[in-house]
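A.B. asks: Numbering (mature numbering (1 follows the signal peptide of the UniProt record, and there is no 0)), first residue to last: -23 to -1, 1 to 740.
Let me give you the structure first, and then I'll get to my questions.
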Amino acid sequence: MRLVWHVLLFLVLSLGIARVAQAETLQAPFGGRAIPLGGNRVACGIMPGGWGIEALGRSVRPPVAVSAIGQAVELKVAPTSEACARSTDTVKLVTTGRWPRIDRGSFSLSIDEGRLEGRGHEMRNTVVTFPGEQGVAFDTCREPQNDAGAELCTWRVPKTVSADPAARALRWLPAGADVSPDAVTFGIDGRRADPATFVIASSRVQVSQLVPPDAAVDVSSGTGLVPLLHPEIISTVECGTLRCTVEAGRLTVQAPPASVTALDIKFRLAPHVAYTKKGTQDPQPTVKLSILRCPMSVASGNALRGVDSARVVVRLEGQCAKDVSQLRFAIGTHRTDLVQVETIQDVSYAVLGVGNLDGPQLSIVASRGDGEGSVVGIARVDTQPAPLVRTILELPGFPPIDFIPNNRPARVHHPRINGVVLALLPVQDVYTATNEGDSSMVQGEINAAGYVALRFGYRVPTLPAPLDQVDLAVLVDPLQRNVKEATIPAPISLSAHTDRPLVELICYENGRPFFVRPGIIEHLGFESSDSCRLVFHRERLLPEYGTQKLQVDIDVRKIDGSVRPEAHVSQTVSLRAGNQPRIAWIKGVTTPYDRIVVRIAHVADETHYLGASEILGEPSVQWNIVLGRGSVRLYATTAIPTGLYRFSDSDHSGVLSLNFGIISRLTWLDSDGKEGLLGLEGGIMAFGLTGATNPAGQSLTQVGAVLGIGMAIPIANAQSPTQASINLHGWVEQRLTGNDDGGNPRAIIFGPSISIGNVGTTF
């Protein structure tokens, strides 16, 4: 079984290798002879792009038109003509220009300028290839210059290309050629060209720098190491009486005596290489380097570029750590500001202001003395683009906001950067900022107005304290935000910081304040009706809640539940924090047992409140007061009974169709002031006013005193002098006037009536 798998794997790999091998690029100049397809292959189908077929399809002829230069076509191929139908193999055909006539000894490479020059004829559009970051890169000679009857071409090449004249990194190709490494190039004669034909060997190499511009010999460790820009062209070096060598691309120098402050390094360059400076060439240049005995490094990591007032923290040890303030620091020819110095356990840290950086690397030189002085230390560090800071503000429990609140802190969400802390910075008279761990809070100043961007300090927490609080750069959120009040619905029944309500309904009873409790029905005497007021406690409103927008509704209802229209109030009130409360008196209570109903709710206004969509619209608080007390009421009313019936002796019994009288009524009251159905009644009545008679025709008209029980149901204007009621009476009558015929003076009266009036008192 294992053998079978090995065989299958071999076949798969073989097919894959064959297919890769067949994916070739063949290129030849226009008008040239036919070139072989090779590999026992034949062309299938019609030739594309002006190419022709020869030798029974085993060779192809390039186009003859100049316009075909640079054009690439795909040609289907197969081992035999019969296999064309099922073949999927292709060959890429590229048409190039005629080969230029290049003077191979004319190539000159100026490596530090990134320039290659060469002479010849028919050089237009000649291509030079070189290694790039993503494979093979190239440049084309578009406009050759006339040079003493020849053409001079200039190509831009990377400064990282080897300066060794014997290197094989540069190649030339004819115009329109494919620069892929696997492309096979043919000449105009149809023959395959040797790849070595296209290799460029520079006859002259010019260099203008052998060491970095700020290079120095740091011998603080006993041996100095200096990086070399082109170690491949250096044959030997001499350092006077000191021993020095070139190892691993660096110059290694023995530490000189303490009195030596500079060192002359003499370089001997490889053949055909010249050191050029200010127009003169020197095959054996001498470079003067400063001796550094001060260990110096950048402790704050990569510096930020593209920001104003960037800073770095430099670490200095040894003798330099004792007098950092006496050193001068510079970047190139520009002196930097020494912002702060901290000494921690014999190591000094200097905070330097390096300004706005734009290069990929930063070199800081420390020197001592006036003028150019003597260099004592050099530190290098890479730079990186400043991170983009975008923030989101929110109040806990609410959606993100697009402004900076000036009455409560808002949480700031900002990007997290590995190894770095972004600290929110305050702006005087605009906003304050606090930073606790990974959390930042911001609050605008109460008098600030307009728009402002949030600012963050770029800090490195791994630096020793207090340097970990140094802002190495100030990063600004590009979004400008308005500073204004954030309004949140405050609890009305209880203020946010005490157990006292934000809004109260207060009445006075017996000279003392009575605080009406919300949610229940309170009872007060009618004498308190003119003392009730709503108190809006601005002094209890915390400023962090902002201006409250309240809907206030006040109704005074009669005992029958109807509303007194003259007492109705419906108003929107804006309540701001202040030192004194606001008072609103309640009017419209005119009769005992009138009820005051007060409702207060937040206005569900999205433009005013955060989270307004969560406001239900129902009252946040409601008060009910019944202004009247008592258990018993005695009052007088006028009664107009109709259809009464008198039960007495046969001569004085009968229906009394119309009657009139004054009745006093004593009944109980419930807690809302409503009368009981039954009551004790007594009064004077005139019966039979329409001439009522008994069956015998005798008159029933008389005046009598009545005493008994009645049932009354008020139907209008309850508890007022104009109260109207329907009644059912059961009385005992004592005759006062009328027929004096010796009959029974007493009788029982029963029947309904309508009464009007309610004049009396409540106990």
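Every residue, glycine too, gets a C-beta built ideally from N, C-alpha and C.
1) Going by beta carbon distance, what residues of the same chain come within less than 6 Å of Gly153, once the five residues before and after it are set aside?
2) Assuming Asp406 and Ala387 form a contact by the criterion Cβ under 8 Å, report the distance between their Cβ atoms to the nearest whole angstrom.
3) Between which two residues does the beta strand (DSSP E) carrying Val407 extend?
4) Please determine if the segment 293 to 300 and the segment 258 to 272 are in contact, where contact requires at least 3 C-beta pairs separated by less than 8 Å.
5) Within its chain, find whatever has a CB closer than 8 Å to the CB of Thr464; leave out the 5 residues flanking it on each side and keep chain order.
6) First and last residue of the beta strand (DSSP E) that includes Thr174?
7) Check whether the segment 310 to 319 and the segment 228 to 236 are in contact - that is, three or more C-beta pairs closer than 8 Å.
8) Let me know the beta strand (DSSP E) ranges lying completely inside the segment 459 to 528, each 3 residues or longer, listed in chain order.
9) Identify, in the order they occur along the chain, each residue of the same chain with its Cβ nearer than 6 Å to the Cβ of Pro77, setting aside the five sequence neighbours on each side.
10) Would you kindly work out how many angstroms separate the C-alpha atoms of Gln(-2) and Ala225, rounded to a whole number?
11) Under 8 Å Cβ to Cβ from Leu655, same chain only, skipping five residues before and after it: list those, please.
12) Run through DSSP, which three-state label would Asp80 get?
13) CA-CA distance, Val680 and Ala544?
14) I'd like the span of the beta strand (DSSP E) that includes Phe306, first residue to last.
15) In the DSSP assignment, what residue or residues form a beta bridge with Tyr252?
16) Helix, strand or coil for Val237, going by three-state DSSP, please let me know.
17) Would you call the segment 79 to 86 and the segment 50 to 67 in contact, with 3 or more CB pairs under 8 Å?
18) Between the segment 455 to 463 and the segment 476 to 483, do at least 3 Cβ pairs fall closer than 8 Å?
19) Determine, using beta carbons only, whether Gly660 and Gly638 come nearer to each other than 8 Å.
20) If you count every other CB in all the chains shown that lies within 10 Å of the CB of Phe175, and 16 or more means buried, which is it?
21) Let me check understanding here. Comparing Cα to Cα, which of Ser505, Ile497, Glu499 and Arg477 lies closest to Gly488?
22) Looking at C-beta atoms only, is the number of pairs between the segment 629 to 637 and the segment 717 to 736 that lie closer than 8 Å three or more?
23) What residue range is occupied by the uninterrupted beta strand (DSSP E) comprising Lys53?
24) So the candidates are Val105, Asp80 and Arg81; which of them puts its Cα closest to the Cα of Arg92?
25) To the nearest angstrom, how far is it from the Cα of Leu202 to the Cα of Val328?
26) Apart from the five residues just before and just after Leu205, which ones in its own chain have a Cβ nearer than 8 Å to its Cβ?
27) Counting only runs of 3+ residues fully inside the segment 295 to 339, write out the beta strand (DSSP E) ranges in chain order.
28) Any contact between the segment 600 to 612 and the segment 566 to 575? By contact I mean 3 or more CB pairs, one from each, below 8 Å.
29) At what residue ranges does the segment 604 to 690 contain a whole run of the beta strand (DSSP E), taking only runs of 3 or more?
30) Could you tell me the boundaries of the beta strand (DSSP E) in which Phe163 lies?
31) For Gln301 and Ile79, what's the separation of their Cα atoms in angstroms?
32) Considering only the alpha carbon of each residue, which of Val533, Gly720 and Pro135 lies closest to Ala114?
33) So if DSSP puts Met273 in a beta bridge, which residue, or which two residues, is it bridged to?
34) According to DSSP, is Gly34 part of a helix, a strand, or is it coil?
35) Can you tell me the Cα-Cα spacing of Pro478 and Tyr428, whole angstroms?
36) Check each candidate in Gly34, Val529 and Gln303 and name the one with the smallest Cα separation from Ile469.
C.D. replies: On the basis of the coordinates in this document:
1) Ile46, Gly47, Thr73 and Gly74
2) At roughly 18 Å, the Cβ-Cβ gap does not stay under 8 Å, so Asp406 and Ala387 are not in contact.
3) Where Val407 is concerned, there is no enclosing beta strand (DSSP E), given that its DSSP letter is neither H nor E.
4) yes
5) Tyr522, Gly523, Thr524, Gln525, Lys526, His585, Tyr586 and Leu587
6) Segment: none, Thr174 is in no beta strand (DSSP E) and carries neither H nor E.
7) no
8) 480 to 486, 489 to 493, 498 to 501 and 510 to 513
9) Gly97, Glu99, Met100 and Thr103
10) Low local confidence applies: a pLDDT of 43 at Gln(-2) is under 50, so the model's placement there is unreliable, and no value is given.
11) Thr644, Ile686, Gly687 and Met688
12) coil
13) 45 Å
14) Arg305 to Ile308
15) Val184 and Asp259
16) coil
17) no
18) no
19) yes
20) buried
21) Ser505
22) yes
23) Ala49 to Ala55
24) Val105
25) 26 Å
26) Leu187, Val188, Ile211, Val223, Gly226, Arg227 and Leu228
27) 305 to 308, 314 to 321 and 324 to 332
28) yes
29) 609 to 624, 631 to 635, 637 to 646 and 652 to 664
30) Careful: Phe163 lies outside any beta strand (DSSP E) and carries neither H nor E.
31) Contrary to the premise, residue 301 reads as Val rather than Gln in this sequence. For Val301 and Ile79, the distance between alpha carbons rounds to 60 Å.
32) Pro135
33) Leu293
34) helix
35) 36 Å
36) Val529
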